[in-house]
Amino acid sequence: MTRARVFPNARGNRLHGRTLIDCARKRARRSEVVRALRPPRPPLAPLHQEPYRPRWSPRLRRRLAADAALLVVAAAFLLPLAWLVLASIDNDATLRVSAPGSPTLDNFSAVWTDEITFTPMLNSLLLCGGATILTVACAALAAYPLSRFRSRVVRPYLLTVLFTTCLPITAIMVPVYGLFVQVDLIDTMSGTALFLAASQLPFAIWLMKNFMDGVPVILEEAAWTDGASWPQSLTRVILPLMGPGITVVMIYSFIMMWGNFFVPFMLLLSPNNSPRPSRSSPSSATTARWSTASWPPSRSSTPRPCSCSTS
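The working numbering puts the first residue of the sequence shown at 1, with every later residue one more than the last.
What follows is the structure, given as structure tokens:
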């Protein structure tokens with residue numbers, strides 16, 4: 001004979017299974033009686049339907065005003081670009097933004113030549129690319145001792161480096177030009193690349209040192225424990241971890257050198273080495289069309305005489 005299961009209640013007593021079922025049935029009947037005696041709820045009154053009207057909240061008004069202001073600013077920037085595109089395919093372009101009567105591509109064929117575009121572009125890439133590589137290499141070697149060694153001269157040296165970044169390039173071009181003439185580096189790509197790298201090196205050292213401070217020294221000490229020298233720890237441990245920082249230094253240096261017009265203008269004289277158009281555009285000698293590129297101005301291919309003493 002099987003015994004019925006028993007369950008403990010909240011008071012700790014042991015009740016039979018059938019008793020629990022009876023209690024549940026009583027509670028269900030009690031809830032049905034209470035629900036039947038409760039008065040019914042009155043039906044809800046129908047809502048008065050009004051036509052939908054958008055609500056112009058203060059937040060929405062401020063947002064629309066900001067969007068309108070941004071559209072005006074965007075139009076101010078897009079109008080010159082639209083004039084540039086439309087004027088490039090118009091032989092008789094004016095200062096007004098208007099669709100060309102007879103579109104043509106003669107202006108592009110007049111500009112896309114070796115003398116005006118391709119040779120100066122290649123010279124610019126070689127000049128800025130070589131100077132950027134030299135700047136990054138020298139900045140990494142200079143930032144390593146400044147970041148890893150503690151000395152009294154580190155802070156004054158960094159302040160001196162920061163001060164050199166504030167010097168205008170035009171203030172030192174006269175002695176630099178005389179020096180280039182004396183050492184026979186005038187009108188050479190290598191000499192100009194060296195000067196561009198030297199002009200960008202102070203700020204590159206400052207950036208590289210800050211990025212190198214973020215690399216833990218414990219990683220370098222672990223490499224030293226395994227028998228690595230400081231050049232190996234620099235090239236195999238520190239520089240791979242500084243990939244984003246090196247990329248920032250490279251991009252910044254390249255952009256600054258690419259936009260530097262004054263240094264190549266002074267140190268490069270011959271058309272074959274110049275990173276700019278050395279001859280005027282193929283337009284009329286008396287009338288310059290707006291659609292044809294005529295900047296920068298042309299310069300003679302003959303080197304300028306120098307009054308500096310070579311003795």
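Even for Gly, the Cβ is constructed at its ideal location relative to N, Cα and C.
Just so it is clear, the structure is predicted and the values come from calculations on it, not from any experiment.
With C-beta atoms as the reference, is Pro271 less than 8 Å away from Ser124?
No, Cβ-Cβ distance for Pro271 and Ser124 is not below 8 Å.
If you check the beta carbons only, do Phe180 and Leu267 fall under 8 Å apart?
In contact: Phe180 and Leu267 (Cβ atoms closer than 8 Å).
Can you grab the Cα-Cα spacing for the pair Val237 / Leu162, in whole Å?
Taking the straight line from one Cα to the other gives about 27 Å.
Based on Cα-Cα distance, which residue from Val136, Ile246, Tyr144, Val174 lies nearest to Ala197?
That would be Val136, whose Cα lies nearest to the Cα of Ala197.
Whole-angstrom distance between Leu70 and Trp83, CA atom to CA atom:
Distance between the alpha carbons of Trp83 and Leu70 is about 20 Å.
Taking all protein chains shown into account, decide if Gln200 is buried (16 or more other Cβ within 10 angstroms of its Cβ) or exposed.
Buried, since its Cβ has 16 or more Cβ neighbours within 10 Å.
When Val111, Met256, Asp187 are compared against Phe265, the one with the closest alpha-carbon:
From the listed residues Val111, Met256, Asp187, the smallest Cα separation to Phe265 is found for Asp187.
The alpha helix (DSSP H) that contains Leu158, what's its start and end?
Residues 154-164.
Quick check on Gly191: does DSSP put it in helix, strand or coil?
Looking at Gly191 - three-state DSSP - the assignment turns out to be helix.
Assuming the contact rule is C-beta atoms closer than 8 Å, Phe203 and Val176 should be a hit. Round their C-beta distance to whole Å, please.
About 18 Å separates the two Cβ atoms, so there is no contact after all.
Inter-stretch contact (C-beta, 8 Å, three-pair minimum) for the stretch 206-214 and the stretch 142-161
Look at the beta carbons and you see the stretch 206-214 touching the stretch 142-161: at least three pairs across the two are nearer than 8 Å.
Sequence-distant residues of its chain with Cβ nearer than 7 Å to Glu220 (five each side left out):
Correct list, in chain order: Ser233, Val237, Ile238.
Would you kindly work out how many angstroms separate the C-alpha atoms of Leu102 and Thr94, rounded to a whole number?
Here the sequence assigns Ser to residue 102, which means Leu is not the residue at that position. One C-alpha to the other measures close to 14 Å.
CB of Met257 within 8 Å of CB of Ala131, strictly
In contact: Met257 and Ala131 (Cβ atoms closer than 8 Å).
Report the three-state DSSP secondary structure of Thr94 (helix, strand or coil).
Under the three-state reduction of DSSP, Thr94 is assigned to coil, being neither helix nor strand.
Put Ser274 into one of helix, strand or coil per three-state DSSP.
Ser274: coil per DSSP, three-state reduction.
For Pro202, which three-state DSSP category applies?
DSSP places Pro202 in helix when its eight states are reduced to three.
What are the boundary residues of the alpha helix (DSSP H) that includes Asn123?
Its alpha helix (DSSP H) spans residues 119-148.
Helix, strand or coil at Phe211 [DSSP, three-state]:
In the three-state DSSP reduction, Phe211 falls in the helix class (H, G or I).
Tell me which same chain residues have a C-beta within less than 6 Å of the C-beta of Leu185, skipping the five on either side of it?
Correct list, in chain order: Gly191.
Buried or exposed by the 16-neighbour rule on C-beta atoms within 10 Å, applied to Trp112
Around the beta-carbon of Trp112, fewer than 16 other beta-carbon atoms lie within 10 Å, marking it exposed.
Looking only at its own chain, which residues have a Cβ that is under 8 Å from the Cβ of Met173, when we skip the five neighbours before and after it?
Only residues of its own chain outside the window of five on either side were considered, and among them Phe262, Val263, Met266 have a CB closer than 8 Å to the CB of Met173, listed in chain order.
Distance CB(Leu314)-CB(Met189) smaller than 8 Å:
Summary: the structure shown does not reach residue 314, with the chain confined to residues 1 through 311, and so no result is reported for it.
Which residue from Gly243, Thr170, Ile205 puts its Cα closest to that of Val215?
Out of Gly243, Thr170, Ile205, Gly243 has the C-alpha closest to the C-alpha of Val215.
Pairwise C-alpha distance: Ser151 and Leu79:
Their backbone Cα atoms lie some 56 Å apart in a straight line.
Please work out which residues of its chain come closer than 8 Å, Cβ to Cβ, to Val217, disregarding the five sequence neighbours upstream and downstream, and give them in chain order.
Spatial neighbours of Val217 in its own chain (CB-CB distance under 8 Å, excluding positions within 5 residues in sequence) are listed in chain order as Arg148.
Pair within 8 Å by beta-carbon distance, Ala68 and Leu86
No.
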